[in-house]
Amino acid sequence: MFSDEIAFKINRRRFVRLVTAFAGVMAANQSVFAAGDDAGIYDADVPKDWSFIRIAATDPAAVATATIGEKPFKVSAGGISDYVARAPGDYTLLVKGQSTPLSVGQGQYLTVLAGANTKEPVVVADVFTSDPAKCALALYNLTTMPVSLTALAKRSPVIKAVAPMSGVSIEVNAVAIDLNVEISGAIARTFEKTTLKRRSVTSIFVLGSGPNDIVLTSVSAKA
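Counted the way mature numbering (1 follows the signal peptide of the UniProt record, and there is no 0) counts, the sequence shown spans residues -34 to -1, 1 to 189.
Listed below in structure tokens is the structure:
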């Protein structure tokens, strides 16, 4: 069902809106991430060569003032921000009061990881599928232990042993399936009947070891 882990590119012009955002630390009835000023970052109006950057943090309050090139990230209570659209160039990334130079290329998707025990943020260059018959699945590990993703009760491997402060993306078939987040070989949380749609990106952020520290978000293409 699942392919090997591979690099792949996103079709930016098709991604036009956030569909769902599930955060264990959020209330069950909380709405999807507010798009705010970034509501159009997936629209065709955004220049083709621009890049998109988001941040994930173990402590949302610590990155409440995080910026890239003086443009703030809008971080949810679950610790994940909206994407910020930026033109190619050199920027200053300000996270937890620390400034880090960040060179942004053309057409990139970058996820900034701000962990509890790291002095500087880690930038993961995401590469998502452009195959309209497939979908992308990404796992980010902000803990100090290896994290894996398995499927169903039989725990079939999906993404193996993501190292601390890193992320892995794969291309998968469209399916509705139970996904297990495993930390050091034990199931920390199961997302039951997760719908992986064609032309979508589903991201799982492991911010801590408890079930409420694991956040799932999904971005879907326009029908």
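In this text, a Cβ means the ideal position worked out from N, Cα and C, and glycines have one as well.
Excluding five sequence neighbours on each side, which residues of the same chain lie with their C-beta closer than 6 Å to the C-beta of residue i?
| i | result |
| --- | --- |
| residue 155 | 147, 177 and 180 |
| residue -7 | Only weak support exists for where residue -7 lies, its pLDDT of 29 falling under 50; the value from the coordinates is given anyway. If we look at residue -7 and ignore the five residues flanking it on each side, it has no Cβ neighbours. |
| residue 65 | 58 |
| residue 149 | 111, 113 and 175 |
| residue 62 | 28 |
| residue 12 | 51 |
Just how far apart, CA to CA, sit residue i and residue j?
| i | j | result |
| --- | --- | --- |
| residue 50 | residue 20 | 6 Å |
| residue 174 | residue 108 | 7 Å |
| residue 90 | residue 161 | 24 Å |
| residue 159 | residue 186 | 17 Å |
| residue 113 | residue 46 | 18 Å |
| residue 48 | residue 153 | 28 Å |
On the DSSP bridge assignment, give the partners of residue i in chain order.
| i | result |
| --- | --- |
| residue 20 | 77 |
| residue 86 | Its beta-bridge partners do not exist; DSSP assigns none. |
| residue 176 | According to DSSP, residue 176 bridges with nothing at all. |
Can you find the residues in the same chain that come closer than 7 Å, C-beta to C-beta, to residue i, ignoring five residues on each side of it along the sequence?
| i | result |
| --- | --- |
| residue 99 | 164 |
| residue 16 | 51, 52 and 53 |
What residue range does the beta strand (DSSP E) around residue i cover?
| i | result |
| --- | --- |
| residue 64 | 64 to 70 |
| residue 167 | 166 to 172 |
| residue 54 | Counting along the chain, residue 54 falls outside any beta strand (DSSP E), and DSSP gives it neither H nor E. |
| residue 137 | 132 to 139 |
| residue 155 | 152 to 162 |
| residue 237 | With the chain covering only -34 through 189, there is no way to say anything about residue 237. |
| residue 115 | 113 to 117 |
| residue 127 | 122 to 128 |
Between residue i and residue j, which are expected to be in contact by the criterion C-beta below 8 Å, what is the C-beta distance as a whole number of angstroms?
| i | j | result |
| --- | --- | --- |
| residue 137 | residue 102 | 6 Å |
| residue 116 | residue 130 | Wrong, their Cβ atoms sit about 19 Å apart, outside the cutoff. |
Within the same chain, show all residues whose beta-carbon is closer than 8 Å to that of residue i, passing over the 5 residues directly before and after it, in chain order.
| i | result |
| --- | --- |
| residue 30 | 41 |
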